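Enquirer: Residue numbers (my numbering), protein chains in the order written: chain F, 400 to 558; chain S, 274 to 339.
I'd like to ask some things about the structure below.
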Amino acid sequence: MLDLAGIGEQRLHLAWVSSAEAQRFVEVVTQTTDSVKALGKFDSKAFAFELAAAELTLAQETLRWMVGKEVKITAKGDVFGRRWDGDRFESILDVLLEREYQKNLILQAVKEGHTSVRDIHKKIGIDLKRISYLLADMENRNIVEFVGMEERKPIFAAL
Amino acid sequence: MEEFEPKIVAFLCNWCAYAGADLAGVSRLQYPPNIRTVRVMCSGRVDPLFVLQAFKQGCDGVLVAG
Chain F
400 MLDLAGIGEQ RLHLAWVSSA EAQRFVEVVT QTTDSVKALG KFDSKAFAFE
450 LAAAELTLAQ ETLRWMVGKE VKITAKGDVF GRRWDGDRFE SILDVLLERE
500 YQKNLILQAV KEGHTSVRDI HKKIGIDLKR ISYLLADMEN RNIVEFVGME
550 ERKPIFAAL
Chain S
274 MEEFEPKIVA FLCNWCAYAG ADLAGVSRLQ YPPNIRTVRV MCSGRVDPLF
324 VLQAFKQGCD GVLVAG
């Protein structure tokens with residue numbers, strides 16, 4: 400998620416340190432601090448738009464359900480009895496994450512007043528065809544609505 | 274010119290990482306003061322949204338230790 404938002408996964412560190420490993424704790428903290436120092440200051444204002452879209456993406460049910468079901472689907476099987484390979488499941492999660500994140504970027508853009516496909520493209524940079532495709536999906540799910548035409552450009556609004 | 278000191282939020286699991294940090298303190302081991310610790314009962318409690326919230330509030334890095 401951090402990579403998609405442009406923040407970078409190197410700003411997040413994960414480590415296992417047991418209660419007896421004091422020296423290891425020191426190493427982990429030193430490593431993390433040095434690594435983040437090298438990356439420089441994080442400007443949260445510059446990334447406010449992406450952070451808002453990322454937050455919406457991680458808060459919504461779709462991804463949380465998928466992650467929650469991962470253990471069952473890769474160990475016991477889905478409702479049809481098919482056991483999924485772990486790597487394949489992860490790659491599908493990646494596809495889903497990118498898609499949902501892009502939809503939330505579009506929603507943010509529409510909320511901020513970029514209401515035509517071209518305006519959205521100018522704001523977020525995703526290509527026009529993809530934006531149209533995702534907007535159609537969002538329309539079906541009643542996340543946005545088609546308001547009308549303005550100078551031959553379709554205009555959308557958030558619901 | 275002052276060197277950049279990052280602010281790092283560290284989510285530490287009470288039984289493992291936090292205890293490890295405590296032991297480091299008791300043993301007088303030095304570690305960088307840039308980390309701000311948040312004690313959780315289990316590292317599994319850390320929701321991805323916590324990480325995003327930390328970045329929103331202006332931290333430069335996040336550590337999750339379990």
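Where a beta carbon is used, it is the ideal one built from N, C-alpha and C, also for glycine.
This structure is a prediction, so every number in the text was calculated from the model and none was measured.
#1: Which residues mark the beginning and the end of the beta strand (DSSP E) in which I308/S is found?
#2: Interface residues of chain S around W415/F at Cβ under 9 angstroms?
#3: What residue range does the alpha helix (DSSP H) around E454/F cover?
#4: Chain F beta carbons: is any one of them nearer than 9 angstroms to that of V324/S?
#5: Buried or exposed, going by whether 16 or more other CB atoms sit within 10 Å of the CB of L545/F?
#6: Starting from the C-beta of F424/F, find all residues in its chain whose C-beta is less than 8 angstroms away, skip the five residues before and the five after it, and write them out in chain order.
#7: Relative to the C-alpha of D486/F, which residue among I472/F, R498/F, E499/F is closest?
#8: Ignore the nearest five residues each way along the sequence and tell me which others in V494/F's own chain have a CB closer than 8 angstroms to its CB.
#9: Run the CB neighbour count on A508/F, radius 10 Å, all protein chains shown included, and call it buried at 16 or more, exposed below.
#10: Which residues, taken in chain order from the segment 443-468 of chain F, show a beta carbon closer than 7 angstroms to some beta carbon of chain S?
#11: What residue does the beta strand (DSSP E) around K528/F start on, and which one ends it?
#12: Identify whether I542/F lies in helix, strand or coil by the three-state DSSP scheme.
#13: Classify Q501/F as buried or exposed, calling it buried when 16 or more other Cβ atoms lie within 10 Å of its own Cβ.
#14: Would you check if the segment 421-436 of chain F and the segment 289-309 of chain S touch, i.e. whether three or more CB-CB distances between them fall below 8 angstroms?
Expert: With the given structure in hand:
#1: Membership of I308/S in the beta strand (DSSP E) is indicated by the continuous run 308-313.
#2: In chain order: C289, A290, S316, A338, G339.
#3: That run of the alpha helix (DSSP H) goes 447-458.
#4: Yes - at least one Cβ of chain F is within 9 angstroms of the one on V324/S.
#5: Reading off the sequence shown, one finds Phe at residue 545/F, where the question assumed Leu. Per the 10 Å Cβ criterion, exposed.
#6: V416, listed in sequence order.
#7: Here the closest residue by C-alpha is I472/F.
#8: Cβ within range, chain order: n/a, list empty.
#9: A508/F comes out buried.
#10: Residues passing the 7 angstroms Cβ filter: S443, L450, A453, E454, L457, A458.
#11: Per DSSP, K528/F lies in no beta strand (DSSP E) segment; the continuous alpha helix (DSSP H) that holds it begins and ends at 527-539.
#12: Of the three classes helix, strand and coil, the one that applies to I542/F here is coil, per DSSP.
#13: With 16 or more Cβ atoms within 10 Å of its Cβ, Q501/F is classed as buried.
#14: Judged by Cβ distances under 8 angstroms, the segment 289-309 of chain S makes contact with the segment 421-436 of chain F, as three or more pairs qualify.
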